[in-house]
Amino acid sequence: MLELLIYMFENYLSTQNLPDFKSITAELEAAGFDNQDIENAFTWFNQLKAMTNAIPVKNNACSSLGYRMYSENEQKKISAESLGFVLFLEQAKVLDPNEREIILDRAMALKQEHINIEEMRWIVMMALWNEGREKDFLFIEDAIYQDHNLVLH
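Taking this note's numbering, the leading residue of the sequence shown gets -5, the next gets one more, and so forth.
Take a look at the structure:
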């Protein structure tokens, strides 16, 4: 389903001119995507939007000094490199703890056995774009399209 999410994001959701549900569905079916996968993708994006709208306004004073322990299921599904990437973004203040939890939830919601680093970068990018954080989006986009290690200065 991640392939469909990326396709939808690149072709519809990252543009200002969002066509209606029926038009998008028809175009996706014509592109060869399964109707059930299309419905699941819309649900995934709707849940992302609902979760994003539910988090409180960002407050710089609300930085967490705690440590996030990952469940066994999260560790099995999400690669160590992907979890490290999320930690890197949180330490770099690109993500706050609420955003981290949304990203982890959306990764776990995907109906696939394993999430690798490239897939996690896409999930993060879609989450940041959904919040209207284009500056941070560009940072993640660079990480996706450039094959190099990120360094925090």
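Glycine included, C-beta positions come from ideal geometry on N, C-alpha and C.
At the level of alpha carbons, what is the spacing between Y1 and Y61?
Locating residue 1 in the sequence shown gives position 7, counting from the first residue. Locating residue 61 in the sequence shown gives position 67, counting from the first residue. Near 34 Å, if we compare the C-alpha coordinates of Y61 and Y1.
Proximity to N67 [Cα-Cα], best of Q106, E84 and Q41:
By one-based count along the sequence shown, residue 67 stands at place 73. Comparing Cα-Cα distances from N67 to each of Q106, E84 and Q41, the minimum goes to Q106.
Quick one: grab the DSSP three-state call for I0.
Translated into positions along the sequence shown, residue 0 becomes position 6. Helix at I0.
Do E125 and T46 have their C-beta atoms within less than 7 Å of each other?
The residue labelled residue 125 in the question sits at position 131 within the sequence shown. The residue labelled residue 46 in the question sits at position 52 within the sequence shown. Against a cut-off of 7 Å, the Cβ pair of T46 and E125 comes out as a contact.
Helix or strand or just coil, what does DSSP make of I109?
Sequence index remark: in the sequence shown, residue 109 carries index 115 (1-based). Correct three-state label for I109: strand.
For A74 and I96, believed in contact at Cβ under 8 Å, the rounded distance
Translated into positions along the sequence shown, residue 96 becomes position 102. Translated into positions along the sequence shown, residue 74 becomes position 80. Not really, about 20 Å apart at Cβ, beyond 8 Å.
With a CB to CB cut of under 6 Å and the five nearest residues on each side skipped, what residues in its chain are close to A55?
As a working mapping, residue 55 is identified with position 61 in the sequence shown. Because A55 carries a pLDDT of 45, less than 50, the predicted location of this residue cannot be relied on, and no value is offered for it.
Once DSSP output is grouped into helix, strand and coil, what is the label at I49?
The count along the sequence shown starts at 1 and reaches residue 49 at position 55. Note: I49 maps to coil in three-state DSSP.
Decide if A48 is buried, meaning its Cβ has at least 16 other Cβ atoms within 10 Å, or exposed.
Within the sequence shown, residue 48 is the residue found at index 54, counting from 1. Burial call: exposed.
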